[in-house]
Amino acid sequence: MKALVLFSGGLDSSVCLALAVKEYGAQEVLALSVSYGQKHKKEMEASGRIAAYYGVQRLTLDLGAIFQGSDCTLLEGAAQEIPHEAYADQLAKTGGAPVNTYVPFRNGLFLSSAAAVALSHGCEVIYYGAHADDAAGNAYPDTSVEFHRAISDAVYIGSGQALRIIAPFIDKTKADVVAEGTKLGVPFALTWSCYEGHEKACGVCGTCRDRIRAFRENGLTDPLEYERIED
Numbered sequence: 007m008k009a010l011v012l013f014s015g016g017l018d019s020s021v022c023l024a025l026a027v028k029e030y031g032a033q034e035v036l037a038l039s040v041s042y043g044q045k046h047k048k049e050m051e052a053s054g055r056i057a058a059y060y061g062v063q064r065l066t067l068d069l070g071a072i073f074q075g076s077d078c079t080l081l082e083g084a085a086q087e088i089p090h091e092a093y094a095d096q097l098a099k100t101g102g103a104p105v106n107t108y109v110p111f112r113n114g115l116f117l118s119s120a121a122a123v124a125l126s127h128g129c130e131v132i133y134y135g136a137h138a139d140d141a142a143g144n145a146y147p148d149t150s151v152e153f154h155r156a157i158s159d160a161v162y163i164g165s166g167q168a169l170r171i172i173a174p175f176i177d178k179t180k181a182d183v184v185a186e187g188t189k190l191g192v193p194f195a196l197t198w199s200c201y202e203g204h205e206k207a208c209g210v211c212g213t214c215r216d217r218i219r220a221f222r223e224n225g226l227t228d229p230l231e232y233e234r235i236e237d
C-alpha cells in the first residue's frame with residue numbers, strides 16, 4: 007500500500023479518496039473508517055459503499071470507548087440534541103469555544119491511530135479531509151492549519167520520517183471541495199454528511215447547511231435527498 011485515507015464516508019473524505027486513487031491507483035490505497043460511538047451508522051455504511059465503488063481495501067476501527075463521558079451531541083447517550091442551526095449561530099452562543107458537535111480531539115486521535123495502521127501496511131502518506139470552513143471561528147480546532155502543521159510534524163518525526171500527512175483542502179472552502187470532487191466524478195449521492203441518522207439528510211444541522219451551500223456556490227444541486235432545506 008502507498009496511501010491511507012482517513013475515510014468517514016462523508017463528502018470531504020470521499021474527495022480525498024478519489025484524489026488518492028487518482029494518484030496511486032486503487033490497489034495501492036487503503037481506506038480506514040473509524041467508529042467513535044456516534045448516534046447512527048449512516049456514515050459507516052456510506053464508507054463501505056464508496057470503498058466498494060472505488061475498489062479499494064477498507065479497514066474499520068472502533069474507538070468509541072475513548073469518548074465515553076463526553077457530552078458531545080454526536081455521541082450515543084448525549085443529553086443535548088444536535089443543533090439545527092448554522093455554525094456561525096452556534097459560535098455566537100459559545101463565545102468562540104468549540105461547538106457542541108466537536109468530538110474531543112477526534113482528528114488527533116484518528117490521525118495517530120491512522121499513522122500506526124499506515125506504517126503497519128507500508129503506507130507512505132495519509133490523506134484526511136480537513137478544510138477551512140470547519141476551522142472557522144474555532145468550531146473544530148483540530149481542523150485548523152496550525153493543528154495540521156503540528157500533527158504532521160509529529161507523525162513525520164515519530165515515524166522515522168517514513169510517513170507524511172496530506173490535507174489537500176486545509177486552506178480551501180467546502181465549495182472548493184465540491185468543485186474538485188465534481189471534476190473527479192465523485193459519487194456524491196453515495197456519501198453521507200448529516201449529523202442525524204434519518205432516512206433522508208435533515209438539511210438543517212450545521213454540516214447539512216454547509217454542504218447545501220457548497221453545492222449552490224458551484225451552481226449545482228446536491229444529489230442527496232433532504233427532509234427540508236432552508237433558504
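With this note's numbering, letter number 194 in the sequence shown gets 200, and the count goes up by one each step, no holes. Quick reminder that beta carbons are idealized off the backbone N, C-alpha and C, glycines included.
In its chain, beyond the 5 residues on either side, Phe13, Gly135 have a beta carbon closer than 6 angstroms to the beta carbon of Ser19. A distance of 8 angstroms or more separates the beta carbons of Asp148 and Gly102. Within 10 angstroms of the beta-carbon of Pro229 lie fewer than 16 other beta-carbons, which makes it exposed.
Secondary structure at Tyr93: helix, using DSSP grouped into helix, strand and coil. The shortest C-alpha to C-alpha distance from Phe221 to any of Leu23, Val184, Gly166 is the one to Val184. Contact between Leu25 and Tyr93 fails: their C-beta atoms lie close to 25 angstroms from each other, not under 8 angstroms. No Cβ-Cβ contact shorter than 8 angstroms links Leu67 with Lys45. The residues Glu231, Tyr232, Glu233, in chain order, have a CB closer than 7 angstroms to that of Lys206 in the same chain once the five nearest residues on each side in sequence are set aside.
Note on geometry: alpha-carbon atoms of Arg170 and Phe116 lie some 15 angstroms from one another.
Distance from the Cα of Thr179 is smallest, within the candidate group Glu223, Ala120, His154, Phe153, for Glu223. Our two residues, Ile157 and Pro110, have alpha carbons roughly 15 angstroms apart in a direct line. Counting C-beta atoms within 10 angstroms of its own C-beta, His204 has fewer than 16 neighbours from the protein chains shown and is therefore classed as exposed.
Rounded to whole angstroms, Val161 and Val11 show a C-alpha spacing of 15 angstroms. The region 29-38 makes no contact with the region 185-200; the number of CB pairs closer than 8 angstroms stays below 3. In terms of Cβ geometry, Glu130 and Ala173 do not form a close pair [threshold 8 angstroms].
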